[in-house]
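So the sequences go chain by chain: L, S and R.
Per numbering that gives the first Met the number 0, the first sequence starts with residue 0, numbered consecutively.
Per numbering that gives the first Met the number 0, the second sequence starts with residue 0, numbered consecutively.
Per numbering that gives the first Met the number 0, the third sequence starts with residue 0, numbered consecutively.
Think of the CB as a built atom: it goes at the ideal place given N, C-alpha and C, for glycine as much as any other residue.
All figures in this text were calculated on a predicted structure; none of them were measured in a lab.
Taking it in order: structure first as structure tokens, then the write-up.
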Amino acid sequence: MSTDANSLDDLKSAATDAAEVPKESQTTYVPFYKRVLAQKQGKIGLTITVVVVVLALCGPLLLPWATGNTATQFVTKPFSPYGLFGSDNLGRDVLSRFLAGGVTLIVYGVLATVLGIVVGAIIGMLAAYVGGTFDAVIMRLNDVILAIPQLVFALLAITVLGPQGWVLVTVIGLTHAPRIARVARSATLGVITEDYIKAAEMYAMPRWKVLMRELLPNITGPLSVEAGLRLTYSIGYIASLSFLGLGLQPPAADWGLMINENRIALSIQPWGVLLPVIAIALLTIGTNLLADSFARATASTSVEA
Amino acid sequence: MSPKTETVRHDAANEPNEKIVLRVSDLRVLTNADDEILHGVDFALSRGEILGLVGESGSGKTTAGLACMGHFREGLKFGSGSVSIWPRGEATHVEVGDLDEVALRDLRGSRIAYIPQDPALSLNPAMRVGEQIREVLDIHDFGSSERERTDRVAEVLVDVGLPGDKAYQKRWPHQLSGGQQQRIGIAMAFAMYPDVLILDEPTTGLDVSTQSVVLDTIRQMTVANNVAGLYITHDLAVIKDISDRVAVMLRGDLVEEGPVSSVLDDPQHEYTKMLMAAVPDLAGRKTIGDGAAEAKEPSEDDEKTHILVSTGERGGSGDTVGSGSGGDAPDGATASAGERDGGAASANAPLLEVADVALAYGKAQILNGINMVLEPGECTMLLGESGSGKTTLSQCVAGLNDDYSGSVRLRGTELARSTRKRTNEQRVGIQYVFQSPFSSLNPRRSIGQSLSVPLEMSGEGTAASRKAAVEEALDSVRLGRSFYHRRPGDLSGGERQRAAIARALVNAPSVMVCDEITSALDVSVQASIVALLRTLREERQLALLFVTHNIALSRHIADNLAVLNKGKIVDYGPTASVLENPSHEYTRALISDVPKF
Amino acid sequence: MFGKVIGKRLLFSAFILIAVSLLVFGATLLLPGDAARAILGQQATPERIAALNEQLGLDQPAWQRYFTWLGGLFVGDFGTSSATGGSVGALLGDRVGASFILMGLAAIISVPLGIGLGVFQALHRGKRRDQAMTGLSLVLAAMPEFVIGIGLIAIFATSVFQILPAVTLAPPGEPVWNRPEQLILPTLTLILVVTPYIVRMMRATMIEVLDSGFVEMARLKGVPEKRVIMRHAVPHALGPVAQVVAIQLAWLAGGVVVVEFLFRYPGLGQALIDAVTYRDVQVVQAISMLVAAVYVVVNLAADVVGILTNPKLRSAA
């Protein structure tokens, strides 16, 4: 079997095929991203997410003042010469700390989500595909992890291992996994009874190929919805942990930590709290709207039969 | 068959009369986007008479039936026209479209009742069956006392042939069989002595023998209660069996209406003629779908109906040279196919031999000592009702089910149980076509990609040669190579099934196992698929194992007929002799239960 | 029959709790080699370290420590807090009640509210009010609880109005319900976080049920709309929704941590954060087990609802 050569040929022929066939005349199939953007939620969600992400990623480049600088003045009034949004109780400029404080949150959130999706999807698909005892054992183990809320689990891990970044990412990613595995498993179970899977088996297609070529493309819908949802939750958990003082440690600039540090002064200098709160709210709303539009886009293909 | 003469009339107040009870005129139904679904439908129902409303999927027959009750499914709305009902004992008629919610509710379930398609889905699973019948009586204030209602529930249960006792009434829907559930539905509909009955494919999904019992019940109850029935179905044979008049629908239009005998025996409209030509008959008097091997199914956007005429077009279609000769009596084909075998097969062993195949899951014996032989170019029909084990057997042959004992031999060589363990050559030799065309093709891959899989897996040729082979196969199932880049979602059911057949053909197999491949399709599409299979047998010397529940197809396709009942072959032999001299009681019952056409 | 199903579920719950205890205990094995020093810091005296080692039982093999700990859980002995030196049971005693008040209030309000709103949306699906509510629930469901909490504080306690306390005012020892106004914002935060999930699930399930054959059949029988919904549709939606409600209530046990911290509410969550900060392993373990027990109990309740609303499950098995 020269599967490698075959799949290479496949790729080539697929490439040429795509080029010579005018899509719209041949098919009613609408690509996923178009279906997502066709919806209000999709458009709004994408816009909000992109704006916040760009702000967070480019923020450090726009820094007007150093993040750690310690002035002595606590300026509660916005639009003062000390900064657009005043300074915090240590005299640090709120705007510059805000601009610098979003990167870690987003990076950690994305990493945790990716980890959860990869591990969860593999476990879920395998459990459904292999079935039998393997499935039963995996799902029981899943149930055990589900019995502890993710945040409590993260706190347990932090107690033992300390509040390092990798601990946050790993524990949130791994506790996502069983939840994603459930979705992946039930989506796979829905697809696995389809005759085209049986047909692939009948033609003795290698099992990994059945999984990758026949199964995976047909569960990307539910998986993408999960990815959006889990990204929302990851950001929420990581922000919550830094808010609890268990994420990045002072004097680092971080949205969650900023909220924790400034909330005592909420009544006299609200901007130190409100800026990061609004940013986190917008980011999670954006990703959640995207997740919802993924779900709608997925539903509209599955009706095609 | 007809119990009309000696049935008891429950409702003494109601003399039989020919008065019209329900009249639909110029009914138009729109989608919420204002596309017209029904384009002005007219019909009328009279007491004690059943009007059959026939049409294929998408014809709007159910929409029309529900509109009679003032009900429109999600996304549909009333356009224009009128639905009038003349309820018993009232002088004036009621205009359904003008009623308010409350008046409409009073009408539904009491004056006009509905019997749904799928009883398993239409009975509330969390309500005892007696209670569900009782609910109708309570809502419509039946009788004057609790007692009267309780008695009526028991009475109507007995009427439909179920035990009326308390214990039975306390059962949950899931504790009843499909036929019993449907009879609960019928009892519910008749509980209030309605004037009009809308029956929406009430026997689809039931086995032939159950169907025949349910049809008897419906007929008897309609006459006994002097009700006007609207029987919606796609099955012309059932229509012939149960209704007095028939109306034929096509894409939202009523194209022909009249007494059953005249419409079915002498159809006037081209579409009705086409339908009639496509319906398989047990006697095998005609050749269904002849000249229809091309993928000419009635397509949505076509203004004119494509007519699949039964005669006269044989020479007309240029590229189906072989199809003409296949159109003769199937018995003749047996002989000629048999002769050719002698030349084609060099070994003495039969092409496919199934010996002592048995399979049991725990105590359930699914298959019990099956023996069968298939020669090149021959078609054997494996006939069985649901639960007979026919799909299990065909999957054992194809190597999709490896739990069996006994042996499956191809040209004398015993095959491994699982396809994965069979040799390439053996895998290529036996191909399997799945029942549902909606499930057998990966929706994410193009037809070309899906059809290349068998070649790719058997490691043959280059990408270019594989593409050529796939295109050739698409041509031979009359789809054409333009389908190579399409996705299953863009194809109709019939087109998908052709693509699935093409996938089985790309490897040039010697045996093709067809598992209920026409049961998900409309009758006209079924006819064209059957014709296609006949052509392929001619062209390719292909041996077919045709698995089905539909005995009426037997003479149209099969040389041999094997009847499977509860995992055993109870009758096996040349089609004609099995049908004419069935040796087993079960076969005789099957033949007698099938609606005569 | 019914008892058998419940018995099975009980057994499974016991399995979950045992497995969680293994997991929670196993986590402590990940503590750095010199746990006592890690906990007490570099300046700790050798005597204190030795004392803590003994207190944690680190001189015994792991399995022995596990069984001692597990045995303790059964008799209500949750061990000794390494940060305060006091008994974990005494430390958590009052706090358990305070937390359950918060969670109970939130559950009692949000479950019926969520189910009601979900049914309302399903009945008006596609209309403007449905779309508006869907949008609102998407927004609320997205935000972490502390973001919602701070929003509420800014609106009701500091920036806009000053009508409710921003933090818990009760001095230590005073029962929280003595000042009901201090319960309003924390409870409201939890309700706003939990309800949207229940609404969404209820709406989706109701729509599915409303489209089912037996609901159409009930309408075609002439059943009045109110009865169609209450008698035919809602009971079928409750089973699946009970599962989501269970998950949400169990989740409350986690969300309450952040809310308590935000409002300085003297409950389990506050204790948990303190314990994590001081790496007080015994307390963290005890609270984790409590939370898992809550999860198991609400899931059992959901199973019972599921079985009661589905005669197929009731009579089978």
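Segment limits, alpha helix (DSSP H) that includes residue i
i      : result
M205/R : 180-209
M201/L : 194-201
Y585/S : 584-592
T232/S : T232/S -> not in any alpha helix (DSSP H); beta strand (DSSP E) instead, spanning 227-232.
M187/S : 177-189
K239/S : 235-241
Q425/S : 423-428
C67/S  : Element bounds for C67/S: n/a, residue is neither H nor E.
Limits of the beta strand (DSSP E) - the one that residue i falls within
i      : result
T547/S : 542-547
P258/S : 252-258
S83/S  : 75-84
C378/S : 378-382
A112/S : 111-114
For residue i, the residue or residues it bridges with in DSSP
i      : result
L37/S  : V28/S
K311/R : None, per the DSSP bridge assignment.
G164/L : BP columns for G164/L are empty, so no partner.
Q364/S : A359/S
A246/S : L52/S, E256/S
D570/S : V562/S
S406/S : A354/S
I197/S : Y113/S, L229/S
Beta carbon proximity, residue i to chain S, threshold 8 Å
i      : result
Y195/L : yes
M124/L : no
P216/L : yes
E225/L : no
L29/R  : no
A199/L : yes
Cutoff 8 Å: residue i Cβ touching any chain R Cβ
i      : result
D206/S : no
S109/S : yes
S324/S : Note that S324/S scores 37 on pLDDT, short of 50, meaning its location in the model is unreliable; the coordinates nonetheless yield the value given after this. It does not: the Cβ of S324/S has no partner Cβ on chain R nearer than 8 Å.
S266/L : yes
Residue i and residue j closer than 8 Å at C-beta
i      : j      : result
R495/S : L552/S : no
V529/S : H555/S : yes
V407/S : V372/S : no
I138/S : V222/R : yes
W254/L : V93/L  : no
A354/S : S523/S : no
Y230/S : S242/S : yes
L261/R : I286/R : no
T62/S  : L21/S  : no
L541/S : V505/S : no
A126/L : A180/L : yes
V275/R : L228/L : no
Y113/S : L219/R : yes
D199/S : P124/S : no
G398/S : F437/S : no
Nearest-angstrom beta carbon gap, residue j and residue i [assumed within contact, 8 Å]
i      : j      : result
A301/R : A245/R : 4 Å
L366/S : L560/S : Wrong, their Cβ atoms sit about 18 Å apart, outside the cutoff.
S98/R  : D279/R : Not really, about 17 Å apart at Cβ, beyond 8 Å.
Closer than 8 Å to chain L by CB, residue i
i      : result
A153/R : yes
T204/R : no
G311/S : A caution first: G311/S carries a pLDDT of 35, below 50, which makes its placement in the model too unreliable to give a value.
V510/S : no
I15/R  : yes
Neighbour flag for residue i against chain C, beta carbons, 8 Å
i      : result
Y202/L : No chain C appears in this structure, whose protein chains are L, S and R.
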